[in-house]
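What follows is a single structure, written as structure tokens, with notes after it.
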Amino acid sequence: MKIALAACSGMSSDQPLARRLGDDYQAVIKVSGAADRDQERYPLLEETLELDLSGLAAEEKERLLLVVDRAIDLVCTVGRTLKSGTAVNVEVTDVGT
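Mapping to my numbering: the sequence shown position 14 is 6, numbers consecutive.
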């Protein structure tokens, strides 16, 4: 779950980050959250995107954070699915002869 969320956020934010920071920008995405083992789920996931923004002016940083946040919210299917509380239907089928 955590790996899927980090990958999705990374892919969703890649284009706006590359456009503003260059294709060779470095990023680290960390997702944390304790599992509730009684219910076998994560009640809360915290995600952090670490970037070196020292080359940007304060206004540019503010704009970049807004654009990246919006891109992740609009494009990251994993995050959108988790936030919506999607129902999952499971079907087991016999494919043997």
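Virtual Cβ for every residue (Gly too), placed ideally from N, Cα, C.
For residue j and residue i, the rounded distance between their alpha carbons
i	j	result
Y34	S1	18 Å
T85	L45	51 Å
T60	R29	In the sequence under discussion, the amino acid at residue 60 is Val, which differs from the Thr named in the question. Using only the alpha carbons, I get a separation of about 33 Å.
E32	K(-6)	14 Å
G14	V87	50 Å
S76	V67	14 Å
K53	P8	12 Å
Cβ shell of residue i (< 7 Å), same chain only, five flanking positions each side left out
i	result
A50	none
A10	Y17
Nonlocal neighbours in the same chain, by C-beta distance under 6 Å from residue i, ignoring five residues either side
i	result
L56	R12
S5	V60, A63, I64
Sequence-distant residues of its chain with Cβ nearer than 8 Å to residue i (five each side left out)
i	result
A(-4)	V70
Cβ distance (whole Å) where residue i is taken to contact residue j below 8 Å
i	j	result
G25	L37	4 Å
Cβ contact check for the stretch 66 to 83 and the stretch 0 to 19: 3 or more pairs under 8 Å: yes
Can you find at least 3 beta carbon pairs, one from the stretch 36 to 55 and one from the stretch 8 to 19, that sit closer than 8 Å? yes
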